[in-house]
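Novice:
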Amino acid sequence: NAGVMQNPRHLVRRRGQEARLRCSPMKGHSHVYWYRQLPEEGLKFMVYLQKENIIDESGMPKERFSAEFPKEGPSILRIQQVVRGDSAAYFCASSPSGRRIPGEQYFGPGTRLTVT
Amino acid sequence: DQQVKQNSPSLSVQEGRISILNCDYTNSMFDYFLWYKKYPAEGPTFLISISSIKDKNEDGRFTVFLNKSAKHLSLHIVPSQPGDSAVYFCAAIIQDDKLIFGTGTRLQVFP
Numbered sequence: 008n009a010g011v012m013q014n015p016r017h018l019v020r021r022r023g024q025e026a027r028l029r030c031s032p033m034k035g036h037s038h039v040y041w042y043r044q045l046p047e048e049g050l051k052f053m054v055y056l057q058k059e060n061i062i063d064e065s066g067m068p069k070e071r072f073s074a075e076f077p078k079e080g081p082s083i084l085r086i087q088q089v090v091r092g093d094s095a096a097y098f099c100a101s102s103p104s105g106r107r108i109p110g111e112q113y114f115g116p117g118t119r120l121t122v123t
Numbered sequence: 013d014q015q016v017k018q019n020s021p022s023l024s025v026q027e028g029r030i031s032i033l034n035c036d037y038t039n040s041m042f043d044y045f046l047w048y049k050k051y052p053a054e055g056p057t058f059l060i061s062i063s064s065i066k067d068k069n070e071d072g073r074f075t076v077f078l079n080k081s082a083k084h085l086s087l088h089i090v091p092s093q094p095g096d097s098a099v100y101f102c103a104a105i106i107q108d109d110k111l112i113f114g115t116g117t118r119l120q121v122f123p
């Protein structure tokens, strides 16, 4: 059973370009979370999605950021008009419905975004 | 507003000794606490958790202690092994929702 897949692993964008980060959850997992880790900081929650629904986006910046988890295909985190401050590692996590341990999430390896 | 705090950015311990990692929190509504371990260039992996109604949970070499009155929890690793060298994140949740992470403690276990 493959783990959570994220691609690309590294992404370089110039200021003003768009960044698209993809996340394929573990098979059978219907809950997806996105977190951002700035240098020397912990992971910060951004958004929680289930298939075709955004459940909690309280951690998403109000502008330029959006996320989706369509019925088919991976979850996408989209950042429009990137700025230097968006440079960070973005982690996706998934969990199944009816999970045994509350809060137990399975993380992907992350996408490291660098904005030049 | 940092709701989960790990005040020690790093810890160095000799192999075979006990490692104690600490975590403080401010929100009394948290109902579950978790520890995640992270190696470089990888995502965090779940290590151990504890419900807010308990004060101790043990799994092999890892034990987590919760002191609700002090809003403090700690992770004990004994005996420590070189493979335990990683960054450890304390995290908390309310109603099985998003994880609120601390800033992490880098543990180094030396021979």
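Each protein sequence line maps, in turn, to chains X and D.
Going by the numbering used here, the first sequence opens with residue 8, and the numbers climb by one from there.
Going by the numbering used here, the second sequence opens with residue 13, and the numbers climb by one from there.
Cβ coordinates follow ideal geometry from the N, Cα and C atoms, glycine included.
Keep in mind the model is a prediction, meaning the values are calculated, not measured.
One question on the structure: do X:T118 and X:H17 come within less than 9 Å of each other, judged by their Cβ atoms?
Specialist: In this structure, X:H17 lies closer than 9 Å to X:T118 by Cβ.
Novice: So which residues on chain X does D:Y44 lean against when the C-beta distance must stay under 7 Å?
Specialist: Those are P109 and G110, listed as they occur along chain X.
Novice: Hey, out of D:Y37, D:K83 and D:T75, whose CA is closest to D:S31's CA?
Specialist: Among D:Y37, D:K83 and D:T75, the Cα nearest to that of D:S31 is on D:T75.
Novice: Can you list the alpha helix (DSSP H) stretches of 4 or more residues lying completely in the stretch 16 to 61 of chain X, in chain order?
Specialist: Within the stretch 16 to 61 of chain X, no complete alpha helix (DSSP H) run reaches 4 residues.
Novice: Please classify D:G96: does DSSP put it in a helix, a strand, or coil?
Specialist: Looking at the sequence provided, one finds Asp at residue 96 of chain D rather than Gly. Correct three-state label for D:D96: helix.
Novice: Using a C-beta to C-beta distance shorter than 8 Å, which residues of chain X count as neighbours of D:I105?
Specialist: Within chain X, the residues near D:I105 are P109 and G110.
Novice: When DSSP labels each residue in this structure, what does D:D109 get in the three-state scheme?
Specialist: Coil at D:D109, not helix or strand.
Novice: So, does the CB of D:F74 fall closer than 9 Å to a CB anywhere in chain X?
Specialist: For D:F74, the answer is no, since every Cβ of chain X falls outside 9 Å of its Cβ.
Novice: For X:R119, name the three-state secondary structure that DSSP assigns.
Specialist: If DSSP states are grouped into helix, strand and coil, X:R119 belongs with the strands.
Novice: Could you give the residue range of the beta strand (DSSP E) that holds D:F58?
Specialist: Per DSSP, D:F58 belongs to the beta strand (DSSP E) from T57 to S63.
Novice: Please report the straight-line C-alpha distance between X:A100 and X:G66, rounded to a whole angstrom.
Specialist: Answer to the nearest angstrom: the Cα atoms are 15 Å apart.
Novice: Our contact map puts X:F72 next to X:I86 with C-beta atoms below 8 Å; I'd like the distance itself, whole angstroms only.
Specialist: The Cβ separation is near 6 Å, so the contact holds.
Novice: Would you mind stating whether D:S40 and D:R118 have Cβ atoms separated by less than 9 Å?
Specialist: Not a contact, by the Cβ cut-off of 9 Å.
Novice: At 8 Å on the CB atoms, spell out the chain X contacts of D:I112, in chain order.
Specialist: F52, listed in chain order.
Novice: Just grab the DSSP bridge partners of D:E70 for me.
Specialist: In the DSSP output, where bridge partners are listed per residue, D:E70 has D:T75.
Novice: Looking at the unbroken beta strand (DSSP E) that takes in D:F45, where does it start and where does it end?
Specialist: Element bounds for D:F45: Y44 to K50.
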